[in-house]
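Chains as they are written, first to last, in numbering that gives the first Met the number 0: chain A, 0 to 425; chain B, 0 to 367; chain C, 0 to 291.
These notes concern the structure reproduced below.
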Amino acid sequence: MRSTARRGLVIATTLTLLLTSAACGADDDPGSGAPVPGVTDTEIVVGTHMPLTGPASAGYSKIAPATKAYFDYVNANGGVHGRKITYNIVDDGYNPATTQQVVRQLVLQDKVFAILNGLGTPTHTGVLDFLHTNRVPDLFVASGSRNWDQPDRYPNTFGFNPDYTVEGKILANHVKTALPGRSVCFLGQDDDFGRDALAGVEKILGADGVAARQTYVTSNTNVAPQIGAFKAAGCEVVILATVPGFTALSVGTAARLDFKPQWVVSNVGADLPTLSRQLGDAAGLLEGLIGLNYLPMQGDSDDPWIQLFTKVNTEHNGGAEFDGNTVYGMAVGYLFVQVLQAAGKDLTRESLVEAVRKGGYQGPGVAPLRFSATDHSGYGGGRLSRVEGGEQRYFGPTYETDEADGPVNEYSAAPVPPPANGVPSA
Amino acid sequence: MSATRATAPPSRAAAVDPARPGRSLPTLVRHLAVAAGVALLVLLASYQLDSFRNFQLATVAAYLCATAGLTVLTGLCGQLSLGHGALMATGAYTLALAQNALADGGRTAGGWLVVSLVVAVLATVVVGAVVGVAAARLRGPYLAGLTLAVAVVVPALTVTFDGVFNGEQGLAVPVAPAPAGLGSYFPHERWQLWVAAAATLSCLVLLANLVRSRYGRAFRAVRDDEVAARLAGIHVARTQVVAFVVSAASAGLGGALLAVLAQSVSPGAFGLTLSLFLLMAVVIGGLGRLAGAAWGAVLLVALPDLTHSLTNLFTLSPAAAQRLEGNLPLAIFGATLIVVMIAAPGGVQGLLSRLTRALRARWPVGRS
Amino acid sequence: MDRFLFLTLDGLSRGAVYAAFALALVLIWRAGRIVNFAQGAMAVAAAYVAYSVTAATGSYWLGFAAALLAGLLLGAIVDVAVMRLVDHRSPLNPVIVALGLVLLIQAVLGMVYGNEYLPAQTPFSRTALTVGGTAVLSPYDLFVFATVGVVGAALVWVFTRTAIGLRMRAAAFAPEVSRLLGVNVGGMLTLGWALASGVGALAAMLVIPTGLGLHPHAMDLVFVSAFTAAVLGGLDSPPGAVVGGLGVGLLLSYVSGYAGGDLIPLAVLALLLTVLLLRPGGLFAPVTARRV
Chain A
0 MRSTARRGLV
10 IATTLTLLLT
20 SAACGADDDP
30 GSGAPVPGVT
40 DTEIVVGTHM
50 PLTGPASAGY
60 SKIAPATKAY
70 FDYVNANGGV
80 HGRKITYNIV
90 DDGYNPATTQ
100 QVVRQLVLQD
110 KVFAILNGLG
120 TPTHTGVLDF
130 LHTNRVPDLF
140 VASGSRNWDQ
150 PDRYPNTFGF
160 NPDYTVEGKI
170 LANHVKTALP
180 GRSVCFLGQD
190 DDFGRDALAG
200 VEKILGADGV
210 AARQTYVTSN
220 TNVAPQIGAF
230 KAAGCEVVIL
240 ATVPGFTALS
250 VGTAARLDFK
260 PQWVVSNVGA
270 DLPTLSRQLG
280 DAAGLLEGLI
290 GLNYLPMQGD
300 SDDPWIQLFT
310 KVNTEHNGGA
320 EFDGNTVYGM
330 AVGYLFVQVL
340 QAAGKDLTRE
350 SLVEAVRKGG
360 YQGPGVAPLR
370 FSATDHSGYG
380 GGRLSRVEGG
390 EQRYFGPTYE
400 TDEADGPVNE
410 YSAAPVPPPA
420 NGVPSA
Chain B
0 MSATRATAPP
10 SRAAAVDPAR
20 PGRSLPTLVR
30 HLAVAAGVAL
40 LVLLASYQLD
50 SFRNFQLATV
60 AAYLCATAGL
70 TVLTGLCGQL
80 SLGHGALMAT
90 GAYTLALAQN
100 ALADGGRTAG
110 GWLVVSLVVA
120 VLATVVVGAV
130 VGVAAARLRG
140 PYLAGLTLAV
150 AVVVPALTVT
160 FDGVFNGEQG
170 LAVPVAPAPA
180 GLGSYFPHER
190 WQLWVAAAAT
200 LSCLVLLANL
210 VRSRYGRAFR
220 AVRDDEVAAR
230 LAGIHVARTQ
240 VVAFVVSAAS
250 AGLGGALLAV
260 LAQSVSPGAF
270 GLTLSLFLLM
280 AVVIGGLGRL
290 AGAAWGAVLL
300 VALPDLTHSL
310 TNLFTLSPAA
320 AQRLEGNLPL
330 AIFGATLIVV
340 MIAAPGGVQG
350 LLSRLTRALR
360 ARWPVGRS
Chain C
0 MDRFLFLTLD
10 GLSRGAVYAA
20 FALALVLIWR
30 AGRIVNFAQG
40 AMAVAAAYVA
50 YSVTAATGSY
60 WLGFAAALLA
70 GLLLGAIVDV
80 AVMRLVDHRS
90 PLNPVIVALG
100 LVLLIQAVLG
110 MVYGNEYLPA
120 QTPFSRTALT
130 VGGTAVLSPY
140 DLFVFATVGV
150 VGAALVWVFT
160 RTAIGLRMRA
170 AAFAPEVSRL
180 LGVNVGGMLT
190 LGWALASGVG
200 ALAAMLVIPT
210 GLGLHPHAMD
220 LVFVSAFTAA
230 VLGGLDSPPG
240 AVVGGLGVGL
250 LLSYVSGYAG
260 GDLIPLAVLA
270 LLLTVLLLRP
280 GGLFAPVTAR
290 RV
């Protein structure tokens with residue numbers, strides 16, 4: 000007993016001494032002359048969190064590799080202001096708890112310069128405060144939630160996707176003008192995606208303009224009850240705010256109930272290659288499906304952007320299957336390089352955010368990017384597409400609108416072609 | 000919690016466990032001394048480690064509450080629970096609601112966090128008591144089935160009642176920054192570690208005392224043989240409910256601490272996977288010993304980190320990388336899990352005790 | 000009334016698959032007192048084998064046969080190469096090993112086939128036949144019912160009418176006595192695993208085309224429903240598994256049809272609580288509830 004106590008005393012004393020020595024001189028002011036995290040004369044380190052595994056990873060796991068491929072292409076062409084971009088992709092399995100860990104690891108340990116295109120509303124919402132406290136630029140979040148557009152609260156966070164309400168308004172506007180007098184129904188995911196989209200639809204059609212509303216949860220892969228209800232209600236047009244899996248499931252379920260409405264699908268769930276792959280032999284059911292998009296259409300081989308991205312995909316992405324997710328990932332990469340160029344040679348976190356706030360970027364997107372000092376949401380509109388003869392093609396004008404009660408307007412600016420070498424200049 | 004009440008008389012403790020050194024100290028004092036030592040170590044570590052490691056340690060502390068609670072329930076009382084993730088969610092959401100209510104009332108000082116933590120633990124105690132009463136009637140796979148359903152239901156409720164819980168997106172948790180007295184460049188992560196470690200150590204001291212008390216003995220008696228326990232005058236059902244409630248309270252505290260660390264809660268973080276991983280963690284750590292729970296908590300935090308390091312280790316062609324990224328670490332983890340369970344069914348702690356025993360047998364001199 | 004009929008039939012056809020999958024869980028539980036948490040992942044692996052075979056040969060039925068064979072083999076391999084080596088004194092050890100198997104199998108499938116949804120074929124049309132203006136069952140639904148029925152009947156026949164079935168039951172219920180009587184207890188256990196895994200593979204082949212498609216996690220949710228069904232019916236009882244499976248299928252269909260999909264978990268918990276509080280060993284529990 001006595002020896003135990005004495006030994007304890009010795010250990011405690013040693014620890015206290017060590018502690019005092021450690022406490023002294025810690026916690027210095029990082030200082031204004033300190034180097035910018037993640038930036039050297041030859042390299043810029045950027046990080047992202049994505050679901051690479053788990054049930055939510057289907058489709059999404061292709062985005063970050065596509066972005067990385069575009070960066071590799073830029074690096075092979077001399078980089079940005081002589082710096083090569085390193086893209087640190089970490090897997091969070093779409094689990095918000097894991098996102099907490101891996102984003103801190105990226106910021107605190109890997110010392111990334113910025114977080115780019117972190118995917119998912121529940122996952123990314125959880126790290127907004129952390130990123131804000133650490134003044135990390137948080138660019139082009141991959142989700143259509145309105146959370147990213149809060150310049151006062153999160154001055155360094157910017158969105159990318161058009162928000163779900165904007166999508167809902169544009170889809171409903173098409174239904175109202177091109178399919179008047181039809182009975183319209185709505186199926187949405189049981190979260191902010193479905194809710195915001197429905198809000199947009201009702202802003203245009205009115206609350207009584209939607210004959211039947213149904214929701215689904217991702218944990219139940221049987222939508223027959225919902226689709227059966229639509230059939231019973233005599234729906235002629237069904238607007239879907241669904242992820243690709245449930246778009247395909249809804250279309251397939253309706254077919255086996257002998258129910259053939261006009262499908263009108265929000266951007267997230269309207270990528271034809273993804274849907275066809277899932278439906279397999281039944282892909283013919285997608286004929287006539289109307290979707291919304293704001294980036295070059297993946298199958299349009301005449302589009303100069305698609306030509307560029309296909310080339311990058313072959314050279315730097317191992318020729319992965321080319322679909323809407325690939326285009327999305329590369330468009331994000333292109334916009335990020337544009338912003339880096341605009342931020343100039345003396346790159347800091349402040350200059351990067353300032354460059355985004357200045358706005359005025361034109362790239363692959365057909366719709367306008369809305370970035371300004373007061374608006375941190377991404378694309379502000381989109382264009383409708385239709386599946387014809389097994390191909391998804393744009394038709395009609397591009398529309399833009401806001402998430403409030405503003406009208407849905409045509410957006411007439413002509414799309415710009417990519418620069419000759421495929422890398423934006425300053 | 001009834002933990003402090005039942006400190007066993009020293010002679011009894013010695014009779015139960017004669018191999019224990021320092022037997023003349025009362026259990027509580029010994030546990031407090033160990034806790035003080037650990038606290039000092041954590042304090043030292045918080046200065047030596049960088050911010051990210053501080054945060055990881057804080058997360059280990061949060062998970063440790065839950066794994067320790069599960070160890071008491073499964074390891075000591077022999078009841079299986081696949082629903083501890085849901086109990087953590089209960090604690091986390093209660094804390095979030097409490098902190099938001101306090102912030103709305105203008106009470107943003109750091110001290111109010113203690114109130115929220117207590118409220119969170121109390122709420123989980125209520126839920127734990129309800130589940131525990133049902134669980135006391137069930138055995139083996141039937142208990143597993145019921146708790147599995149609980150694990151699925153609780154996160155789903157946040158979507159059903161999204162007016163309160165804000166659905167998939169979850170709630171933000173306002174948490175006061177570190178006290179200004181610590182200096183303006185005091186890393187937030189270090190403060191988080193201090194908070195989490197303080198709460199967890201208190202929880203562990205209470206649990207450790209409970210384990211050594213007559214309740215702990217009743218738990219073990221029920222686990223080993225229900226009929227014998229009943230013959231010895233132990234009320235089996237009541238004992239099981241007590242174990243469930245204690246275990247739930249710890250899990251609730253763990254969940255609440257996670258919410259404090261993340262400054263947000265959302266259902267995706269508390270899915271069935273979490274419940275299953277908690278169980279894996281305590282078994283791999285070494286079921287039945289609180290030290291095993293610590294290994295389990297370390298494992299839970301180290302896993303994503305290992306994933307990250309492994310991915311950075313290889314430079315692969317893009318095509319191969321897309322397939323291996325994420326999957327490879329999971330495959331390695333799965334295989335390790337199987338091999339460890341076959342080679343060392345006692346888990347990490349079992350392996351360590353075996354090693355220590357072997358070493359002591361070889362060099363008995365070091366013991367005096 | 001139309002809607003009620005529609006939801007009932009839809010629920011029954013889903014429930015039939017849960018019943019088959021629950022049956023697989025019951026088989027392993029009866030043989031070795033293990034709840035096989037890896038059942039879903041093993042079944043998905045068999046379904047991927049079917050996908051490869053069908054893709055290579057163009058024949059659904061060759062793929063179907065390959066899945067059943069792969070299921071049988073995988074079950075035997077898991078028993079001999081993994082479960083046999085596990086220390087069974089703590090009932091938790093096999094559970095944890097099974098969870099490790101889930102991680103391993105799903106990760107390997109993700110590496111080999113990618114984490115994308117792959118289309119899953121059906122041998123018959125899924126378009127519902129219409130009777131008097133109401134869409135009732137599709138030919139595929141009838142195929143599901145028939146298959147599950149045949150498998151159920153075959154299992155009953157094997158266990159009650161054949162020598163090998165008798166030996167399997169004996170090995171499970173009194174291993175020591177059986178060994179003395181010359182029954183190859185280990186072999187019977189392996190056979191049990193193979194049979195269960197084969198039935199699981201069959202259930203996966205039936206249910207995956209009705210969901211989102213083939214994916215390493217395609218059976219996760221089915222496993223949860225089927226486990227619930229098995230617990231409801233009583234893990235020792237094959238008829239219980241069938242009743243439990245159909246019951247859970249109906250419940251899911253009614254709740255999502257009349258109340259909303261988000262209430263499903265709550266409804267399942269309520270059903271489970273009610274049944275287990277009245278009968279702690281499941282609906283078809285043997286009369287001696289507590290073993291000493």
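Virtual Cβ for every residue (Gly too), placed ideally from N, Cα, C.
Taking C-beta pairs closer than 8 Å, name the residues in chain A that residue i reaches, listed in chain order.
i	result
H216 of chain C	G53 and P54
L220 of chain C	S218, N219 and T220
L251 of chain C	N219 and N221
Between the options, which has its C-alpha nearest residue i's C-alpha?
i	options	result
K110 of chain A	A:R152, A:Y59, A:V45 and A:P121	A:V45
Q361 of chain A	A:V331, A:T347, A:F70 and A:I43	A:V331
R222 of chain B	B:A135, B:F164 and B:A171	B:A135
P414 of chain A	A:A403, A:R145 and A:G364	A:G364
V389 of chain A	A:L346, A:D299, A:T373 and A:G358	In the sequence as displayed, the identity of residue 389 of chain A is Gly instead of Val. Here the closest residue by C-alpha is A:D299.
A292 of chain C	B:L69, B:T146 and B:V117	With chain C represented from 0 up to 291, any question about residue 292 of chain C goes unanswered, as that position is not in the structure.
E409 of chain A	A:V386, A:G379 and A:P423	A:G379
T397 of chain A	A:V326, A:L339 and A:L291	A:L291
Using a Cβ cut-off of 8 Å, pull out every chain C residue sitting near residue i, in sequence order please.
i	result
L248 of chain A	G210 and L211
Check the Cβ of residue i against every Cβ in chain B and list those closer than 8 Å, keeping chain order.
i	result
T132 of chain A	H187
V216 of chain A	A155 and V158
Where does residue i sit, in a helix, a strand or coil, going by DSSP?
i	result
A2 of chain B	Here the model assigns A2 of chain B a pLDDT of 37, short of 50, so the residue's position is not dependable, and the following value carries that caveat. If DSSP states are grouped into helix, strand and coil, A2 of chain B belongs with the helices.
A231 of chain B	coil
S265 of chain A	coil
N408 of chain A	strand
A113 of chain A	strand
P20 of chain B	Low confidence applies to P20 of chain B: its pLDDT is 47, below 50, so where it sits in the model is not reliable, and the reading given next is rough at best. Residue state, collapsed to three classes: coil.
Y17 of chain C	helix
C184 of chain A	strand
I283 of chain B	helix
S115 of chain B	helix
Whole angstroms is fine: what's the gap from residue i's alpha carbon to residue j's?
i	j	result
I33 of chain C	P93 of chain C	7 Å
G99 of chain C	T123 of chain B	29 Å
A384 of chain B	V264 of chain B	Given that chain B is displayed from residue 0 to residue 367, the structure contains no residue 384 of chain B and the question cannot be resolved.
V35 of chain A	G421 of chain A	28 Å
S31 of chain A	V259 of chain B	For S31 of chain A, the pLDDT reaches just 49, beneath the cut-off of 50, and the residue's location in the model is therefore unreliable, although a value from the coordinates is still provided. Spanning the two alpha carbons is a distance of roughly 31 Å.
R138 of chain B	A171 of chain C	20 Å
G105 of chain B	V240 of chain B	38 Å
L72 of chain C	G77 of chain B	34 Å
V194 of chain B	F157 of chain A	32 Å
T3 of chain B	L205 of chain B	Because T3 of chain B carries a pLDDT of 37, less than 50, the predicted location of this residue cannot be relied on, and the following value inherits that uncertainty. Cα-Cα distance, rounded: 7 Å.
V15 of chain B	L31 of chain B	Annotation note: pLDDT 41 at V15 of chain B (below 50); position unreliable, coordinate value reported separately. For V15 of chain B and L31 of chain B, the distance between alpha carbons rounds to 20 Å.
Could one say the Cβ of residue i lies closer than 8 Å to chain C's Cβ atoms, at least one of them?
i	result
R255 of chain A	yes
L368 of chain A	no
G284 of chain B	no
R11 of chain B	With a pLDDT of 39 at R11 of chain B, under the threshold of 50, the modelled position of that residue is not reliable, and the figure given next carries that caveat. Answer no: the Cβ-Cβ gap between R11 of chain B and chain C never drops below 8 Å.
Which residues in chain B sit within 9 Å of residue i, going by Cβ to Cβ distance?
i	result
F226 of chain C	P140, A143, G144 and L147
Could you check whether the Cβ of residue i sits closer than 8 Å to any Cβ belonging to chain B?
i	result
L239 of chain A	no
Kindly indicate if chain A contains any beta-carbon less than 8 Å away from that of residue i.
i	result
D103 of chain B	no
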